[in-house]
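Colleague: Pasting a structure below so you can have a look.
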Amino acid sequence: MPRTSAGRDVSEVGESGGLPPAIVARDVTRTYELDGVSVSALRGVSLTVAAGDYVAVVGTSGSGKSTLMHLLGGLDRPTSGTLLIGGRDVSTLSPPEMARLRNEVIGFVFQSFHLLPRTTARDNVALPLVYRGLGRRERRARAAELLHRVGLGHRIDHRPNQMSGGEQQRVAIARALVTNPSVLLADEPTGNLDTTTGEAILTLLESLNTEGVAVVLVTHDREVAARAHRRIEMRDGLIVPPTEPVPPTESVPPTESVPPTESILPASPVLSASSAVPASSAVPASSTPPASPADAAPVAGAALPAAPSAGAVGPGNDATPGVGGDG
Ligand SMILES: Nc1ncnc2c1ncn2[C@@H]1O[C@H](COP(=O)(O)OP(=O)(O)OP(=O)(O)O)[C@@H](O)[C@H]1O
Ligand SMILES: [Mg+2]
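Read in order, the letters of the sequence shown are residues 1 to 327 in the UniProt record's numbering.
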């Protein structure tokens, strides 16, 4: 449950509803070294993602949004600064420990899906469960459940290369959710989708948020951003300080204003036409935020099939394009 106004830096926010913050970044930087050239993609960012938060990250291309998301998701490590995921300081974790933490806490949706093209939707979604030590039957059953949840009950045995962009995006979301993450990070989840499909995806993310999953999404779409509970704007590797509320009589610079949320479409045809489950009853087995240790079976490897940055991730990641390759 967000406790802050849109765009406000909440690095000091400690908890929400009695729960510790999901992710805390304190003055993190990330510098890429490429062919002897340094690129300061993040130059000191502080941000707290509270449990159950719903945050939109906006900003121009190259401003550092994906870099920040990769850090928040434990797919990469800061060059300096402090990053706590699920209360654990990532600088103290080995790559396998980091992979395990991701598997327990984070669901990550990449803009370009990063699905295994010749593997069925079900097996793509089931992949993160391999690291949970679940048997094949259970993995497949759970994957099917998630595919139903995202309205793809009729595409379970299809491969991504037989699916539309919106369907692939929903497979990617199902894969991110199959481990019952407490935080869902989505880098432009609607960027490639038509309006109707994008709306269905947003509705899905929002229903998850209502159930207590913290959602952080990157978007270039002001209407999408306006629907989040708060908005963070990146510019040149920094979070733009929030503007103070402006009295009604004063004019607001056009570039800073966010248009009001437009009418939300009625029940999405994409989801409602298929097997989408009502928000309150949908997430598998435990629909409570998965902080429960009982649900966190021992994990031998990474949850995410993607590992943008070499060296930052554990073994078993096999579907991994590079960082920043999504834009
Ligand atoms: N792996 C990398 N190696 C070197 N530089 C990188 C790498 N990834 C990103 N960068 C650089 O870091 C900066 C921030 O990139 P990032 O991908 O975070 O931007 P972004 O805000 O997500 O942009 P977009 O909206 O286009 O996706 C850019 O200048 C980019 O060129
Ligand atoms: Mg990006």
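We put the CB at the ideal spot given by N, CA and C, even for glycine.
Just so you know, these numbers come straight off a predicted model, no measurement behind them.
Using the Cα positions of ALA99 and ARG26, report the straight-line distance between them to the nearest angstrom.
Modeller: Distance between the alpha carbons of ALA99 and ARG26: 21 Å.
Colleague: Since GLU97 is in the alpha helix (DSSP H), which residue starts that stretch and which ends it?
Modeller: Where GLU97 is concerned, the enclosing alpha helix (DSSP H) stretches over 95 to 105.
Colleague: Compute every distance between the C-beta of SER112 and the non-hydrogen atoms of ligand 2, then say whether any falls below 7 Å.
Modeller: No - ligand 2 has no heavy atom lying nearer than 7 Å to the Cβ of SER112.
Colleague: Taking the Cβ atom as the reference point for each residue, do ALA56 and LEU19 lie within a distance shorter than 8 Å?
Modeller: No.
Colleague: Does DSSP put SER287 in a helix, in a strand, or in coil?
Modeller: Reliability of the predicted coordinates at SER287 is poor, the pLDDT of 34 falling under 50, and no value is obtained from them.
Colleague: Considering Cα atoms alone, identify which of LEU208, LEU71, GLY198 is closest to SER91.
Modeller: Cα-wise, what sits closest to SER91 is LEU71.
Colleague: Pick from HIS114, GLY107, VAL24, ARG43: whose alpha carbon is nearest that of LEU185?
Modeller: Ranking HIS114, GLY107, VAL24, ARG43 by Cα distance to LEU185 puts GLY107 first.
Colleague: At the level of alpha carbons, what is the spacing between ILE232 and HIS154?
Modeller: Taking the straight line from one Cα to the other gives about 37 Å.
Colleague: Going by the beta-carbon positions, is the gap between ARG122 and ALA144 smaller than 8 Å?
Modeller: Yes, Cβ-Cβ distance for ARG122 and ALA144 is below 8 Å.
Colleague: Apart from the five residues on each side of it in sequence, which residues of its chain come closer than 6 Å, Cβ to Cβ, to ARG30?
Modeller: Within the same chain, ARG30 has close Cβ partners ALA41, LEU42, THR67, PRO78, THR79.
Colleague: How should PRO181 be labelled, buried or exposed, when 16 other C-beta atoms within 10 angstroms of its C-beta is the threshold for buried?
Modeller: Buried.
Colleague: Tell me whether GLN169 is buried or exposed, calling it buried when 16 or more other Cβ atoms sit within 10 Å of its Cβ.
Modeller: Buried is the call here.
Colleague: Just checking my contact of ALA228 with VAL49 at CB under 8 Å: how many whole Å lie between their CB atoms?
Modeller: Not a contact, Cβ separation roughly 12 Å.
Colleague: Give me the Cβ distance between VAL24 and VAL45, rounded to the nearest whole Å; I'm assuming they're in contact under 8 Å.
Modeller: Wrong, their Cβ atoms sit about 11 Å apart, outside the cutoff.
Colleague: Would the beta-carbon of VAL28 be found less than 7 Å away from any heavy atom of ligand 1?
Modeller: False, no ligand heavy atom lies under 7 Å from that Cβ.
Colleague: Would you check if the segment 157 to 171 and the segment 107 to 121 touch, i.e. whether three or more CB-CB distances between them fall below 8 Å?
Modeller: Yes: the two stretches touch, three or more of their Cβ pairs being nearer than 8 Å.
Colleague: Is there at least one non-hydrogen atom of ligand 2 closer than 7 Å to the beta-carbon of ASP187?
Modeller: ASP187 Cβ: within cutoff of ligand 2.
Colleague: Just verifying my parser: in three-state terms, what is the DSSP assignment at ASP76?
Modeller: The answer is coil: DSSP assigns ASP76 none of H, G, I, E or B.
Colleague: Using DSSP's beta-bridge definition, name the partner residues of LEU38.
Modeller: First, the amino acid is wrong: residue 38 is Ser here, not Leu. In the DSSP output, where bridge partners are listed per residue, SER38 has GLU33.
Colleague: Going by Cα to Cα distance, which pick from VAL216, GLY151, ARG137, LEU205 is closest to LEU47?
Modeller: For LEU47, the nearest C-alpha among the options comes from VAL216.
Colleague: How big is the Cα-Cα spacing for LEU134 and ILE85?
Modeller: Their backbone Cα atoms lie some 24 Å apart in a straight line.
Colleague: I'd like to confirm something about VAL39: is its beta-carbon nearer than 7 Å to some heavy atom of ligand 1, or not?
Modeller: Checking the Cβ of VAL39 against ligand 1 gives yes.
Colleague: Say yes only if the C-beta of LEU34 is nearer than 7 Å to one or more non-hydrogen atoms of ligand 1, and no if none qualify.
Modeller: Because some heavy atom of ligand 1 lies under 7 Å away, the Cβ of LEU34 counts as near it: yes.
Colleague: At what residues does the alpha helix (DSSP H) containing GLU199 begin and finish?
Modeller: Here the alpha helix (DSSP H) through GLU199 covers 195 to 210.
Colleague: According to DSSP, simplified to helix, strand and coil, what is residue 370?
Modeller: What is shown of the chain runs 1 to 327, which leaves residue 370 out entirely.
Colleague: Going by C-alpha distance, which of VAL178, THR179, LEU204 is nearest residue 328?
Modeller: Lying before the first or after the last residue shown, residue 328 is absent from the chain, which here runs from 1 to 327.
Colleague: For ligand 1, is there any heavy atom lying closer than 7 Å to the beta carbon of SER80?
Modeller: SER80 Cβ: outside cutoff for every heavy atom of ligand 1.
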